[in-house]
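A short worksheet on the structure shown next.
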Amino acid sequence: MAQTARETPRDGLPKGFRSAELGWPELHRIPHPPHRLPLLGDVVGASRRTPMQDSLRYARRLGPIFRRRAFGKEFVFVWGASLAADLADEARFAKHVGLGVANLRPVAGDGLFTAYNHEPNWQLAHDVLAPGFSREAMAGYHVMMLDVAARLTDHWDRAEASGRTVDVPGDMTKLTLETIARTGFGHDFGSFERPRLHPFVTAMVGTLGYAQRLNTVPAPLAPWLLRGASRRNTADIAYLNRTVDDLVRARRAADGGDGAGDLLDRMLETAHPETGERLSPENVRRQVITFLVAGHETTSGALSFALHYLARHPEVAARARAEVNRVWGDTEAPDYEQVARLRYVRRVLDESLRLWPTAPGFAREAREDTVLGGRYPMRRGAWALVLTGMLHRDPEVWGPDAERFDPDRFEAKAVRSRAPHTFKPFGTGARACIGRQFALHEATLVLGLLLRRYELRPEPGYRLRVTERLTLMPEGLRLHLDRRAPSTPAPAPRTDDAGEAREDGAGEAREDGAGNAGSASRCPVHRAGD
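Numbering (this note's numbering), first residue to last: 513 to 1042.
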């Protein structure tokens, strides 16, 4: 696996890749795959294209903690619920920037997602930008989300009228890119007017793919094995930078007046409320790239997986559609609060994120010498990767049918009965995803609109394949559409489906991405990180 550039910050811990034997003094207690080869490590049967799915297969065989070795570097993976809960303890563990995330630093630098813990800009940016994800701000974004969704449905109406299937991942990528670009930065990429994906998306996918590939080759050989890919990555980064610089330049030329207080206005004009510090021009560029990439890549994957399951489970789609008709009635454009009341639709989204969290893992490092789970000693700086996809399949938490799609796992009573830190699609702790409420509102709105408008049918013979580019996305997913006639709203439900309090404002008690059970009155922003 490739080694990223090393740095030695104020806390004295080297940054970049650290092999597990440097931090786990009793590494022999952690199982590893059979047939380990000298020098090469655990490469028998491994795939360079699907390393995360390989790890899921190893996890089922080796148990809740295991290790893999490749090209002389050792990695520790964790997925057991009790061990993952231990790693979520913010007093003992912090975010670790490693593996593919560190490989994104040439493009995102000390942006919210890729900043090391010792770098001050992530906290500065978080404090400046957190009000941009308040309930009031979200209600303002809602109208723009509706506008972008209308461009999607126009596109799908034309496909349905001509009898064509729709490219779900491609269209969800267009949708979510336009949504974050318009709501956050007042920019329109014109994605639905293009026959192909916008070059920004192509460059973004290229940088993510390159970061993934860096993890699959020996570091000394990377300059030779990835020479062509490295040149393309350099060009991709240059394009991303130019695009964002042009966007920022246009806003400055407009004296900041076009954004009406959006995320870019906050980056350019807002000082920290306590220190008076402002984001530097270089950091503004990094934050914009971070939001454009992270703000659409994972949401498009979540929507794509949800639409796959809705097409495969017509009884679930019918129940979700009935809820949409009941809650929204005949209103053409639902308001912000009406989206928040789609409880079952949100369960569908959560169950899709459980089975295929589009950010498939997060790394944690020890703040001080400690013992994980009372059994595995870790030195300060030692780290482990939590496999979210396997944590979400732990049979001790989710039952022997954990592989089965069942949105009722997120019914309020079921959520309250589970231990915390068992559902982690947005990471954990102080640096969990700052935009998770934005993503959940957008995705719930879009699913509601699509369910009300179309019957979704899978292509015969399609079996779910998952492509990896640090994030996860269904591969080759196309759906057939049948336009639905407007329907009469269903009667109001009994109180067992309407009287549930939900942390995100949509009606159910649930654990948020940071592992906290909450209620609708609790502000999501003050717990959020990157």
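Even for Gly, the Cβ is constructed at its ideal location relative to N, Cα and C.
Within the same chain, Cβ atoms closer than 8 Å to the Cβ of Phe-874 are found at Lys-607, Leu-897, Val-898, Thr-900, Lys-936, Gly-939 and Thr-940, the five residues on either side in sequence being excluded. For the pair Glu-980 and Met-564, the Cα-to-Cα distance works out to about 8 Å. For Thr-626, there is no enclosing beta strand (DSSP E), since its DSSP letter is neither H nor E. With respect to the 8 Å criterion, Ala-894 and Glu-877 are classified as neighbours on the basis of their beta carbons. CA-CA distance, Asn-615 to Leu-726, rounds to 7 Å. Here the C-alpha atom of Met-890 lies approximately 9 Å from the C-alpha atom of Leu-539. Straight-line measurement puts the Cα of Arg-995 at about 5 Å from the Cα of Tyr-966. For Glu-971, the three-state secondary structure derived from DSSP is coil.
Here Leu-991 carries a strand assignment [DSSP, helix/strand/coil]. Thr-714: member of the alpha helix (DSSP H) spanning 711-726, first to last residue. Straight through space, the alpha carbons of Ala-693 and Leu-804 are spaced by roughly 7 Å. Annotation for Ala-896: the continuous beta strand (DSSP E) segment containing it runs 895-899.
In terms of Cβ geometry, Val-555 and Ala-582 form a close pair [threshold 8 Å]. In terms of Cα proximity to Arg-617, the closest of Arg-797, Arg-580, Glu-835 and Val-588 is Arg-797.
In the pairwise beta carbon analysis, the segment 696-713 is classified as not touching the segment 823-836: fewer than three pairs are separated by under 8 Å. Rounded to the nearest whole angstrom, the C-alpha separation of Thr-934 and Gly-698 is 37 Å.
If you draw a 10 Å sphere on the C-beta of Leu-733, you find fewer than 16 other C-beta atoms in it, and that means exposed. Straight-line spacing of the CA atoms in Ala-997 and Glu-971 works out to 22 Å. Distance from Met-902 to Trp-591 at the Cβ level is roughly 4 Å; contact confirmed, criterion being Cβ atoms closer than 8 Å. Val-836 is not a Cβ neighbour of Val-860, given a cutoff of 8 Å.
DSSP, reduced to helix, strand and coil, places Arg-866 within a helical segment of the structure shown. Counting along the chain, the unbroken alpha helix (DSSP H) around Gly-813 starts and ends at 793-824. Under the three-state reduction of DSSP, Thr-677 is assigned to coil, being neither helix nor strand. In the three-state scheme derived from DSSP, where H, G and I count as helix and E and B as strand, Arg-948 is classed as helix.
With respect to Asp-748, Thr-719 sits close: the two C-beta atoms are nearer than 8 Å. In this structure, DSSP gives Pro-618 a helical state, which the three-state scheme calls helix. Each of Gly-911, Gly-721 and Thr-685 was checked against the Cα of Arg-561, and the nearest Cα belongs to Gly-721.
With respect to the 8 Å criterion, Thr-802 and Ala-532 are not classified as neighbours on the basis of their beta carbons.
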